[in-house]
Structures are given as structure tokens and as C-alpha cells.
Amino acid sequence: MTGLDIAIYFFIFVIGISIGSFLNVVALRLLSEEDFIYARSKCPQCGKNLKWYDNIPILSFFLLRGKCRNCGKSISIQYPVVEFFTGVLFVLSYHFWGFSLKTIFFIFLISNLIVITITDLREKVIFDLNSIPLIPLGLVYSFFDIGNRATSSTGFIGISFNDVFISAVIGAIAGAAFFEIFSRIGYLFSGEYAFGGGDTILGAAFGAWFGWKGLVFILVLSLVFQMIVGIPIIVYNFFKSREYYSLFAMLGLFLALLMSIFGRIFNYRGEFLISIILIISAFIIGGISVFVIFSRMRETRNYTFLPFGPPMVAAALLFMFLENKPVLYLPF
Ligand SMILES: [Zn+2]
Numbered sequence: 004m005t006g007l008d009i010a011i012y013f014f015i016f017v018i019g020i021s022i023g024s025f026l027n028v029v030a031l032r033l034l035s036e037e038d039f040i041y042a043r044s045k046c047p048q049c050g051k052n053l054k055w056y057d058n059i060p061i062l063s064f065f066l067l068r069g070k071c072r073n074c075g076k077s078i079s080i081q082y083p084v085v086e087f088f089t090g091v092l093f094v095l096s097y098h099f100w101g102f103s104l105k106t107i108f109f110i111f112l113i114s115n116l117i118v119i120t121i122t123d124l125r126e127k128v129i130f131d132l133n134s135i136p137l138i139p140l141g142l143v144y145s146f147f148d149i150g151n152r153a154t155s156s157t158g159f160i161g162i163s164f165n166d167v168f169i170s171a172v173i174g175a176i177a178g179a180a181f182f183e184i185f186s187r188i189g190y191l192f193s194g195e196y197a198f199g200g201g202d203t204i205l206g207a208a209f210g211a212w213f214g215w216k217g218l219v220f221i222l223v224l225s226l227v228f229q230m231i232v233g234i235p236i237i238v239y240n241f242f243k244s245r246e247y248y249s250l251f252a253m254l255g256l257f258l259a260l261l262m263s264i265f266g267r268i269f270n271y272r273g274e275f276l277i278s279i280i281l282i283i284s285a286f287i288i289g290g291i292s293v294f295v296i297f298s299r300m301r302e303t304r305n306y307t308f309l310p311f312g313p314p315m316v317a318a319a320l321l322f323m324f325l326e327n328k329p330v331l332y333l334p335f
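Residue numbers (this note's numbering): 4 to 335.
As C-alpha cells, then:
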């Protein structure tokens with residue numbers, strides 16, 4: 004790496020953290036329904052306009068030790084964190100794809116995904132402004148195969164130019180259908196929608212950008228992320244509200260999971276009778292557990308719904324950077 008390379012990387016990082024700073028403002032002003040283009044930056048606590056030297060991405064937060072110069076109230080850690088991540092994602096985009104059309108498309112996508120993550124984490128909303136344009140843009144991206152899927156030598160082997168676009172159309176429809184269908188099934192059982200309309204749009208968008216195979220990867224991985232974060236929170240909430248039936252049912256789910264794993268192992272070892280007994284029992288115990296959890300939710304109206312946008316964004320980012328790399332060879 005030459006000095007010039009380092010200078011370019013640094014320059015792109017600086018652009019990234021500056022845009023990250025803007026994305027923070029966009030997200031917060033969308034949430035507070037303020038104008039985000041013309042209004043000046045100000046402290047959300049005391050409302051005082053910020054001087055330029057108190058508004059430098061990342062640096063100002065540390066120079067001010069996380070406190071407003073005027074009122075002394077804490078500045079949210081969200082600001083430097085979002086700025087830093089935006090900078091890193093910009094550098095990664097340049098590192099992988101150089102100065103290309105793909106980089107420009109992905110920088111636009113990444114910027115919107117960052118705003119979506121902030122608004123979904125803070126208030127569980129995904130704004131149409133950030134999400135709906137991603138669907139036609141993803142279709143354009145796939146139509147012209149800007150990601151070069153048809154020509155890449157690893158990953159999606161042997162697909163043609165046409166397949167990329169067809170896969171994107173199927174992906175967009177499947178992404179929307181997945182959330183609409185599961186949202187309605189969940190509503191039948193629990194009396195509450197687990198997914199919002201924003202998830203439907205985001206699912207359709209990821210299908211449009213990455214085709215149906217990419218969508219499947221993103222959905223599966225985001226469910227895994229959600230379980231890793233969500234199960235401890237759900238168990239904690241059951242404890243707090245003394246929901247012992249539901250806690251017991253969570254244990255039942257865990258037991259069902261173990262039984263199905265052992266069922267697979269016995270199946271491999273050729274002991275089919277034990278395997279079948281284990282798998283059937285796992286289905287029965289798992290089914291009863293899910294039924295108990297849903298019906299208790301319905302009775303107590305005690306729901307723990309976590310936003311699904313952030314895990315989907317995390318999974319999509321992983322897919323974007325690893326697609327066509329040998330590490331991510333899709334098994335289908
Ligand atoms: Zn202040």
C-alpha cells in the first residue's frame with residue numbers, strides 16, 4: 004500500500020463520517036418531523052445552534068467529552084457510533100469495488116439502511132422515504148446487472164444476464180409476501196402484528212437488489228441474529244412478569260430443538276426407529292410450546308416485539324460484502 008492509497012482511504016473515510024453525521028440528523032429529524040435539509044444543527048436538549056467546531060464528526064464528541072458545550076447534557080453515543088460505522092462501510096465499499104457504479108449504488112443503499120436502522124431501533128418505524136425508493140432502484144441495479152453477478156466466477160456460478168433480473172423480480176415479490184403472510188399468521192395466533200409494513204418493503208427491496216437467493220440468505224441470517232438477541236430479552240421479560248407457563252414453554256422449545264438434533268444424529272447412525280420417535284416427539288412438544296406461548300400472549304396482552312429491520316440490515320450488509328467471495332458459497 005502506497006502513501007497515495009492510504010491518503011485515498013483516509014479521504015473516503017472522512018467523506019463517510021461526514022455523511023454519517025448527516026444521516027444521524029436525517030434520522031432524528033424524520034422522527035421529530037423536522038426539516039432536515041435547511042434547518043441548522045442544534046443540541047436536541049437545549050436547542051442551541053451548534054458552532055462548526057462542535058459539529059465535526061467523531062472528533063467533536065470526544066473533544067466535548069460527550070457533553071453539550073451550552074447546557075452540559077450528555078450527547079447520545081449514537082452520533083459518533085453511526086459516523087464511525089458509515090465511515091467504515093464507505094471504506095469497505097471502496098476497498099471491494101473501487102470507483103465504480105456498483106460503489107455509487109451501494110453507498111446510496113447503505114446510507115438509507117443506516118437511517119432505517121436508527122429509526123427502527125429508536126421508535127420501531129421505517130420511513131417510506133428511506134425504504135420504498137430502494138425497490139425500483141434495486142430492480143434497476145439487477146436489470147443492468149451492476150453487481151456483475153452474471154460474469155463473476157465464484158458464488159452464483161452459471162447464471163445469465165437475464166437470470167439476474169428474473170431472480171430480482173421473484174425476490175422482490177417473495178420478500179414482500181414473506182412478511183405479509185407471516186404477519187397475518189402471527190396475528191391469527193397472538194392478536195398482534197409481529198412485523199410492520201416497513202419490514203415488508205425492506206424484504207421486497209432486498210429481493211430486488213440481491214435476487215431470491217440473496218433474499219433467502221438474508222432472511223435466514225437475520226432470523227438467527229434476532230434469536231441471539233431476542234431470546235434472552237424474551238426470557239427476561241417472562242421472568243419479570245412471572246409468566247411461568249411461558250417460561251416452561253420456552254424450555255419445551257429448547258427440549259424440542261435438542262430432540263430434533265439428536266433425531267438427526269440417530270438418523271445418520273441408521274437407528275431409524277429412535278430417530279422417528281425423537282423427531283415426532285420434538286414436533287409435538289415444540290407445537291404445544293408455541294401454542295402455550297401464543298395463547299398466553301393473547302390472554303395477558305404481553306408482547307415482546309423487537310424491530311426486525313436492524314437484523315435484516317446486518318444480514319444484508321454481510322451479504323453485500325461477502326457475495327461472490329469463496330467464504331459465502333451459497334449451497335443452492
Ligand atoms: Zn445543549
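Yeah, the Cβ is synthetic: ideal placement off N, Cα and C, and Gly gets one too. Quick caveat: nothing in here was measured; it's all calculated off a predicted structure.
Mind checking whether the beta-carbon of residue i lies closer than 7 Å to any heavy atom of ligand 1?
i	result
Gln48	yes
Lys216	no
Lys51	yes
Asn240	no
Asn73	yes
Lys76	yes
Let's test the definition: count the other Cβ atoms within 10 Å of the Cβ of residue i and tell me whether it reaches 16, buried, or not, exposed.
i	result
Lys216	buried
Pro314	buried
Ala318	buried
Ser244	exposed
Arg299	buried
Ala252	buried
Pro235	exposed
Ala347	For the chain, the structure presents residues 4 to 335; residue 347 sits outside this window and is missing.
Asn115	buried
Val28	buried
Phe14	exposed
Arg152	buried
Ala171	buried
Given a cut-off of 8 Å, decide if residue j and residue i are closer than it, judged by their beta-carbon atoms.
i	j	result
Pro60	Glu86	yes
Ser263	Ile282	yes
Phe93	Ile149	no
Ala207	Gly178	yes
Ala30	Val118	yes
Phe311	Asp202	yes
Ala211	Gly289	no
Ile129	Leu205	yes
Gly90	Phe16	yes
Tyr144	Phe108	yes
Kindly indicate which three-state DSSP category residue i falls into: helix, strand or coil?
i	result
Ser77	strand
Asn305	coil
Met27	The sequence given here has Asn at residue 27, not Met. Three-state result, Asn27: helix.
Lys45	strand
Lys70	strand
Asn240	helix
Asn52	strand
Asp57	helix
Ser145	helix
Phe64	helix
Glu37	coil
Phe130	coil
Ala318	helix
Ala197	coil
Thr120	helix
Thr5	coil
Ala153	coil
Arg32	helix
Tyr12	helix
Val17	helix
Phe324	helix
Phe102	coil
Arg245	coil
Gly273	coil
Using a C-beta cutoff of 8 Å, does residue i count as contacting chain D?
i	result
Asn305	In the structure shown, chain D cannot be found, because there is only a single protein chain.
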